[in-house]
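**Q** Structure below; questions to follow.
Residue numbers (mature numbering (1 follows the signal peptide of the UniProt record, and there is no 0)): -19 to -1, 1 to 197.
See the structure below:
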């Protein structure tokens, strides 16, 4: 009986040793893969902030460090700037502030924003002629009235001093919303580069990707 138990114990120990030898390389590969994913997320300086942020897996069409979603590329910039400076930053990179085409797109992109802070999107009131309606930085943005506005009234809280739109990503997901804030406020922002279309309204005299067209 004792000999049988000893044989069983030795067999079990051998199997454990073999299993450990098999699993160890796989565990190392998994850790290496996870570290690579982390390295891709962090910026070039390792701080997890700045232009180098990797918000997701890109493709060959998107610049390095940009998130890919459907036919667009996105860059989350963890540097707070007033609206016009943020827009200029994006235009210098042949992109615009984030233009929301669908609520699904908004949900997919906003989760990468910093909780507890405002983030500019490419939406502002250009004309004060009634009814007051904001204008997207590029055509084909979704109906602004369908956005999750904090203020549910027809003007959504617009005032002459608060005409640029930010979304707020709270710590509680159900409380996220968009609202008007002063354009001079420094906020984080997301640039969007559409792989299929970046265009200005047909009646604009400004050169393509000139950020001043909707300020004049």
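Yeah, the Cβ is synthetic: ideal placement off N, Cα and C, and Gly gets one too.
(1) What are the start and end residues of the alpha helix (DSSP H) that includes residue 87?
(2) Can you look up residue 71 in the DSSP assignment and give me helix, strand or coil?
(3) Near residue 143, which residues of its chain fall below 6 Å by C-beta distance, leaving aside the five closest residues on each side in sequence?
(4) In terms of DSSP beta bridges, what is residue 136 paired with?
(5) Note the first and the last residue of the continuous beta strand (DSSP E) segment covering residue 225.
(6) Using a Cβ-Cβ cut-off of 7 Å (strictly less than) and excluding sequence neighbours within five positions of residue 260, which residues of its own chain qualify?
(7) Helix, strand or coil: how does DSSP classify residue 148 here?
(8) The beta strand (DSSP E) spanning residue 103 covers which residue range?
(9) Taking the beta carbon of residue 127 as the centre, do at least 16 other beta carbons fall within 10 Å, making it buried, or is it exposed?
(10) DSSP on residue 125, reduced to helix/strand/coil?
**A** Result, derived from the coordinates:
(1) Taking the chain shown and counting its residues from 1, one reaches residue 87 at position 106. Segment 84 to 91, the alpha helix (DSSP H) holding residue 87.
(2) One-based indexing of the chain shown puts residue 71 at position 90. DSSP places residue 71 in helix when its eight states are reduced to three.
(3) Residue 143 sits at position 162 when you count from the first residue of the chain shown. Cβ neighbours of residue 143 within its own chain (closer than 6 Å, five residues either side excluded): 161, 162 and 163.
(4) Against the chain shown, residue 136 aligns to sequence position 155. In DSSP, residue 136 forms no bridge with anything.
(5) Nothing can be reported for residue 225: it is not among the residues displayed for the chain, which extend from -19 to 197.
(6) Since the first residue of the chain shown is -19 and the last is 197, residue 260 is not available in this structure.
(7) Within the chain shown, the letter at position 167 stands for residue 148. If DSSP states are grouped into helix, strand and coil, residue 148 belongs with the strands.
(8) Taking the first residue of the chain shown as position 1, residue 103 is located at position 122. It spans 98 to 106 - the beta strand (DSSP E) in which residue 103 sits, taken as one unbroken run.
(9) The residue labelled residue 127 in the question sits at position 146 within the chain shown. By the Cβ neighbour-count rule, residue 127 is exposed, with fewer than 16 other Cβ atoms within 10 Å of its own.
(10) In the chain shown, the residue the question calls residue 125 occupies position 144. Residue 125 falls in the helix class under three-state DSSP.
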